[in-house]
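Chains as they are written, first to last, in the numbering used here: chain A, 171 to 585; chain B, 171 to 585.
Taking it in order: structure first as structure tokens, then the write-up.
Right, dumping it as structure tokens:
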């Protein structure tokens with residue numbers, strides 16, 4: 171009942187938010203940023219408590235690090251809110267318009283979705299990022315954070331709500347639910363009051379939503395991304411792209427996990443790339459032809475499981491392919507439709523790869539690491555969607571809206 | 171297993187379809203239309219068998235009529251296929267594009283969704299319409315028809331497949347599943363091989379999919395549509411619009427079900443509209459103020475259930491409201507977010523109604539009956555979506571596609 175009531179009140183608030191001009195929303199975001207700075211001592215104290223408990227519960231160091239806030243990280247969160255305020259307002263955009271033969275004027279106008287629930291785990295910055303993106307796009311947001319960051323999330327939500335109220339927006343524009351399992355189950359049933367759920371978490375959370383959510387979900391799935399070095403590749407470009415796609419930030423979804431090399435390029439390219447990657451501590455897992463070329467018996471041999479794995483680490487699977495077709499087939503079978511790259515100087519190969527690879531983002535001669543709302547010039551995002559409906563690629567402000575048809579006439583009826 | 175195999179083969183065919191130029195798809199659609207004409211005797215014979223069984227099973231006359239094909243109806247289906255061929259190809263459209271600061275060229279390109287399953291009940295024209303729309307938009311289609319039209323659906327699917335093969339498209343571009351319950355259950359699990367399900371049927375089918383489908387669904391929900399006659403309405407326009415929205419085709423989702431009249435317009439408008447509607451056999455179900463104005467004690471009194479009912483018949487609920495706010499509140503509570511109309515000469519009222527009503531289509535001074543792909547100039551459609559994600563309003567060709575990002579560089583890496 172509590173959750174349903176929260177969602178009903180969020181719906182009511184969303185009607186007010188939908189009509190707000192940009193300035194009112196940006197004022198509220200400015201107040202959020204100011205409040206984060208003003209109340210930083212309180213926030214860091216609550217965060218210390220989460221970190222203390224996490225250590226007491228022997229959470230892995232990497233997880234504790236995800237949880238941890240300090241002055242610098244809090245300042246980054248504040249900056250991110252100001253950056254969202256600086257982005258254009260997606261609401262009110264006339265996407266297209268025309269006049270019917272009978273004179274009725276048709277406009278497709280961008281409007282907020284209404285109420286968005288964001289379900290996340292241990293990163294406390296999501297509390298603020300998600301609230302800022304939803305407010306800017308005119309949506310009410312229901313935040314549901316995980317257990318590990320409960321003290322931090324609660325104070326951050328309170329700070330955001332305080333700023334929202336202070337600038338005259340409805341209190342229920344931002345709601346916060348704690349990490350209660352029964353409340354999550356209730357939330358997943360609120361199809362009448364919640365328009366969209368965006369999960370930010372691992373595969374387990376996604377599977378849970380897929381099984382139980384009655385509310386539409388946009389899944390930001392993992393990325394098993396490939397770089398394919400074609401027979402006609404410029405090997406200098408290929409080297410730079412493979413190293414960047416694997417090493418620049420290995421723990422994220424747009425990092426490369428498998429290198430495919432055309433047979434004709436393999437003997438020239440593999441030793442070079444192996445040396446460069448080796449210097450950076452990358453472990454290679456190779457098929458037999460690659461192993462033969464590299465002549466290093468200590469290299470692990472790749473199997474199907476390796477090719478299906480998102481390592482999120484300094485590990486790269488390698489396979490030699492006989493043709494572009496074989497590369498396309500490998501990507502169709504093992505890829506997760508996130509980001510895929512070809513390195514080639516052959517226009518026909520570039521065109522085929524671009525057209526035939528079924529993924530959110532397809533690259534010709536550029537690193538997969540560019541798949542990111544900010545890199546694309548779209549600003550902050552809630553993740554990268556690998557689904558096809560509604561949004562593919564960065565879930566930025568525009569993707570948190572929908573369109574409606576407005577039709578103005580002067581008495582027209584259908585004949 | 172059989173259903174999964176069908177979907178896997180549809181996926182394979184979809185890769186071929188995605189790359190076809192418009193001319194190849196239009197040729198196939200032309201061959202479908204020709205084959206429908208050439209094989210009309212066979213089709214009508216199979217349809218006779220369905221109609222005979224339907225009568226034997228004492229199906230309601232209206233249902234038997236939905237099932238029935240004759241030369242004229244078959245010619246309409248053929249024409250509809252040729253009309254789809256004449257529509258522009260949505261695939262390949264560059265939706266937008268720009269250049270990143272580092273020189274990478276970004277394009278968002280429209281591509282087919284992949285594999286679409288259409289689940290429908292007794293209207294045999296859906297077999298052909300759905301196949302034509304999916305083919306034109308470069309998608310493979312898996313058709314799953316209902317029991318009543320099984321003979322007709324089977325022969326129509328066979329005719330379409332024959333034409334598809336004859337023009338060199340992959341056989342599995344169009345697949346047909348019979349009305350087996352277990353096969354339906356299998357189909358709803360094919361998340362890996364089917365990108366979208368579009369149901370064409372009643373609320374029961376929708377509830378079933380909502381409960382069981384693991385594949386994303388676009389729901390074409392019913393329409394509980396309103397016409398609100400404002401205090402500042404031109405009553406001649408109001409009369410024409412109410413009569414048209416209610417009577418022009420009462421059995422469809424964009425017909426009006428409730429008339430809301432502002433108190434100040436009620437005594438002048440209600441007697442006029444009641445007379446006009448009465449002449450056309452419309453039954454009015456009224457609230458007390460409307461009953462008092464009409465002074466007809468035989469009129470049925472409206473309750474909450476009436477206001478929530480999609481009559482799909484010559485029945486109209488009527489309510490007198492004290493303000494625009496009250497009308498907006500009524501629509502927010504009882505509407506199904508399909509099509510809503512205001513009749514007014516007051517610009518402020520028109521603007522508020524247009525902005526604040528949360529529906530796929532909002533009309534100012536025009537009939538709700540225009541909500542239709544062909545009327546909008548979008549061509550044939552698979553229904554009207556009242557959901558917010560991916561598509562709102564007519565599900566036409568463009569809505570059966572998605573976009574992907576294509577990024578072309580010359581060696582760029584992320585710094």
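Cβ coordinates follow ideal geometry from the N, Cα and C atoms, glycine included.
Predicted model only: the values in this text are computed from it and were never measured.
Is the distance from the Cβ of residue i to the Cβ of residue j below 8 angstroms?
| i | j | result |
| --- | --- | --- |
| residue 541 (chain B) | residue 424 (chain B) | yes |
| residue 558 (chain A) | residue 281 (chain A) | no |
| residue 367 (chain A) | residue 345 (chain A) | no |
| residue 198 (chain A) | residue 322 (chain A) | no |
| residue 298 (chain A) | residue 326 (chain A) | yes |
| residue 183 (chain A) | residue 343 (chain A) | yes |
| residue 488 (chain B) | residue 457 (chain B) | yes |
| residue 238 (chain B) | residue 221 (chain B) | yes |
| residue 306 (chain B) | residue 195 (chain B) | yes |
| residue 405 (chain B) | residue 435 (chain B) | yes |
| residue 491 (chain B) | residue 432 (chain B) | yes |
| residue 314 (chain A) | residue 358 (chain A) | no |
Between the Cα of residue i and those of the options, spot the shortest distance and give me the residue it belongs to.
| i | options | result |
| --- | --- | --- |
| residue 446 (chain A) | A:486, A:237, A:502 | A:486 |
| residue 240 (chain B) | B:262, B:225, B:211 | B:211 |
| residue 577 (chain B) | B:474, B:230, B:500, B:272 | B:272 |
| residue 214 (chain A) | A:418, A:295, A:545 | A:295 |
| residue 317 (chain B) | B:452, B:219, B:251, B:250 | B:219 |
| residue 201 (chain B) | B:443, B:315, B:334 | B:334 |
| residue 268 (chain A) | A:209, A:259, A:279 | A:279 |
| residue 535 (chain B) | A:438, A:528, A:274 | A:274 |
| residue 217 (chain B) | B:319, B:301, B:406, B:251 | B:319 |
| residue 245 (chain A) | A:228, A:264, A:310, A:205 | A:205 |
| residue 519 (chain A) | A:501, A:339, A:365, A:494 | A:494 |
| residue 408 (chain A) | A:392, A:514, A:564, A:307 | A:514 |
| residue 565 (chain B) | B:387, B:492, B:512 | B:387 |
| residue 546 (chain B) | A:584, A:480, A:251 | A:584 |
| residue 390 (chain A) | A:379, A:399, A:398, A:400 | A:379 |
| residue 283 (chain A) | A:311, A:517, A:440, A:482 | A:311 |
Mapping the DSSP letters down to three states, classify residue i as helix, strand or coil.
| i | result |
| --- | --- |
| residue 574 (chain A) | strand |
| residue 347 (chain A) | strand |
| residue 461 (chain A) | helix |
| residue 296 (chain A) | helix |
| residue 466 (chain B) | coil |
| residue 199 (chain B) | helix |
| residue 366 (chain B) | strand |
| residue 480 (chain B) | coil |
| residue 333 (chain B) | helix |
| residue 565 (chain B) | coil |
| residue 151 (chain A) | This structure gives no information on residue 151 (chain A), because the portion of chain A shown stretches from 171 to 585. |
| residue 274 (chain A) | coil |
| residue 450 (chain B) | coil |
| residue 283 (chain B) | coil |
By the criterion of Cβ-Cβ separation under 8 angstroms, what are the contact partners of residue i in chain B?
| i | result |
| --- | --- |
| residue 410 (chain A) | 581, 583 |
| residue 562 (chain A) | 572, 573, 574, 575 |
Give the interface partners of residue i over in chain A, defined as CB-CB distance under 8 angstroms, in chain order.
| i | result |
| --- | --- |
| residue 267 (chain B) | Per Cβ cutoff of 8 angstroms: no residues; residue 267 (chain B) is ~11 angstroms from chain A at best. |
| residue 270 (chain B) | 540, 545, 546, 547 |
| residue 441 (chain B) | By Cβ distance, chain A contributes nothing, its closest Cβ being about 20 angstroms from residue 441 (chain B), past 8 angstroms. |
| residue 218 (chain B) | Result: empty, since nearest Cβ-Cβ is about 34 angstroms, beyond 8 angstroms. |
| residue 414 (chain B) | 583, 584 |
Check the Cβ of residue i against every Cβ in chain B and list those closer than 7 angstroms, keeping chain order.
| i | result |
| --- | --- |
| residue 365 (chain A) | 558 |
| residue 418 (chain A) | 584 |
So residue i contacts chain A; which residues on that side make the cut at Cβ distance below 7 angstroms?
| i | result |
| --- | --- |
| residue 540 (chain B) | 274, 577, 584 |
| residue 525 (chain B) | 189 |
| residue 536 (chain B) | 274, 577, 579, 582 |
| residue 180 (chain B) | Within 7 angstroms Cβ-Cβ: nothing; residue 180 (chain B) doesn't reach chain A, min ~14 angstroms. |
Applying a beta-carbon distance threshold of less than 9 angstroms, which residues of chain A neighbour residue i?
| i | result |
| --- | --- |
| residue 172 (chain B) | Ordered by position in chain A, no residue passes the 9 angstroms Cβ test against residue 172 (chain B), which lies about 22 angstroms from the chain. |
For chain D, is any of its Cβ atoms less than 8 angstroms away from the one on residue i?
| i | result |
| --- | --- |
| residue 533 (chain A) | Protein chains A and B are contained in the structure displayed, whereas chain D is not. |
At 9 angstroms on the CB atoms, spell out the chain B contacts of residue i, in chain order.
| i | result |
| --- | --- |
| residue 343 (chain A) | Under the 9 angstroms cutoff, chain B gives no residues; its nearest Cβ is about 17 angstroms from residue 343 (chain A). |
**OP:** For the segment 218–269 of chain B, list the beta strand (DSSP E) runs that are entirely contained and at least 3 residues long, ordered along the chain.
**Re:** 264–269
Original post:
Unbroken alpha helix (DSSP H) runs of length 4 or more, entirely within the segment 495–555 of chain B: which are they?
Top reply: 517–526, 543–546
Original post:
Which residue spans inside the segment 369–430 of chain B form an unbroken beta strand (DSSP E) run of at least 3?
Top reply: 395–399
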